[in-house]
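**Student:** Numbering (the working numbering), first residue to last: 69 to 343.
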């Protein structure tokens with residue numbers, strides 16, 4: 069029997085180890101159907117999205133290539149290709165992903181790379197979150213808001229010069245209805261339109277010395293030049309009015325995201341990098 073045929077069906081996650089350390093994951097199962105595969109997270113609507121996969125049984129170690137497609141914020145299709153290894157032995161399946169994205173691992177190892185260990189599951193797929201069925205809302209200030217069932221928040225895209233496509237995510241929280249949450253988000257965005265340059269200046273005040281000493285090589289930036297390199301990409305508004313701003317770093321920090329945090333009083337509280 070070919071591996072393509074043997075791999076079909078439902079597999080339960082037994083362990084996940086990366087570089088010698090156990091890893092927590094919300095994924096409970098993998099399901100294979102023809103040339104499709106889904107990593108099932110019960111907290112996601114329908115357990116998540118399907119991807120396609122290909123097995124290279126002639127390669128050694130054997131290769132598992134998974135391709136996922138989606139739409140970016142600007143509507144342009146986005147494709148992600150994961151290049152893994154696999155080992156299929158009866159009712160046990162191991163999937164190995166690399167320590168460097170985009171390359172096939174050189175061997176199946178949970179010390180050098182990361183490894184999922186799965187066992188065949190003869191039962192049914194787990195019950196998963198279902199869509200709330202909320203219709204989009206058109207707002208004069210925020211444009212069209214769509215409900216993200218996976219994260220329980222409202223999502224919009226706005227222009228906030230100099231950036232043209234800025235994502236806005238509005239958290240509903242536990243004690244707000246949709247209308248109240250959108251009012252909170254709208255109020256913050258209205259405020260930010262007048263004060264966004266202050267956020268970049270605040271980031272420069274906290275991060276410039278570190279950049280000039282550790283990241284800039286021979287380039288020494290002024291606060292204004294540092295702030296000019298940052299481009300706002302995402303706004304996350306909390307249910308109590310606090311917010312987090314996510315900036316493209318303009319290659320200041322090797323592609324890391326610059327994050328600026330504000331409290332509910334619109335006081336800047338932190339600026340750092342992530343990713």
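All residues carry an ideal CB built from backbone N, CA and C; glycine is no exception.
Comparing alpha-carbon positions, which option in 227, 233, 307 lies nearest residue 249?
**Tutor:** When only C-alpha atoms are compared, the closest one is 307.
**Student:** Under 8 Å by Cβ, that's how I've got residue 79 and residue 153 pegged, so tell me the actual separation to the nearest angstrom.
**Tutor:** Contact flag wrong, Cβ pair sits at about 16 Å.
**Student:** What runs of the alpha helix (DSSP H), each 4 residues or longer, lie entirely inside the region 77 to 125?
**Tutor:** Qualifying alpha helix (DSSP H) stretches: none in this window.
**Student:** Please state the DSSP three-state secondary structure of residue 190.
**Tutor:** It is coil, neither helix nor strand.
**Student:** Check whether the Cβ atoms of residue 156 and residue 72 sit closer than 7 Å, and answer yes or no.
**Tutor:** No. Outside cutoff.
**Student:** Quick one: is residue 333 buried, meaning 16 or more other Cβ sit within 10 Å of its Cβ, or exposed?
**Tutor:** Exposed.
**Student:** Please determine if the region 197 to 217 and the region 102 to 116 are in contact, where contact requires at least 3 C-beta pairs separated by less than 8 Å.
**Tutor:** They touch, by the three-pair rule.
**Student:** Cα-Cα, which of 277, 180, 108 is closest to residue 87?
**Tutor:** The candidate whose alpha carbon is nearest that of residue 87 is 180.
**Student:** Between residue 127 and residue 105, how many whole angstroms is the CB-CB distance? I'm expecting something under 8 Å.
**Tutor:** Incorrect: roughly 18 Å between the Cβ atoms, too far for contact.
**Student:** The beta strand (DSSP E) with residue 302 in it runs from where to where?
**Tutor:** Where residue 302 is concerned, the enclosing beta strand (DSSP E) stretches over 299 to 305.
**Student:** Output the residue ranges of the alpha helix (DSSP H) runs that lie fully inside the region 242 to 328 and measure 4 residues or longer, sorted by chain position.
**Tutor:** Correct list: 246 to 278, 291 to 297.
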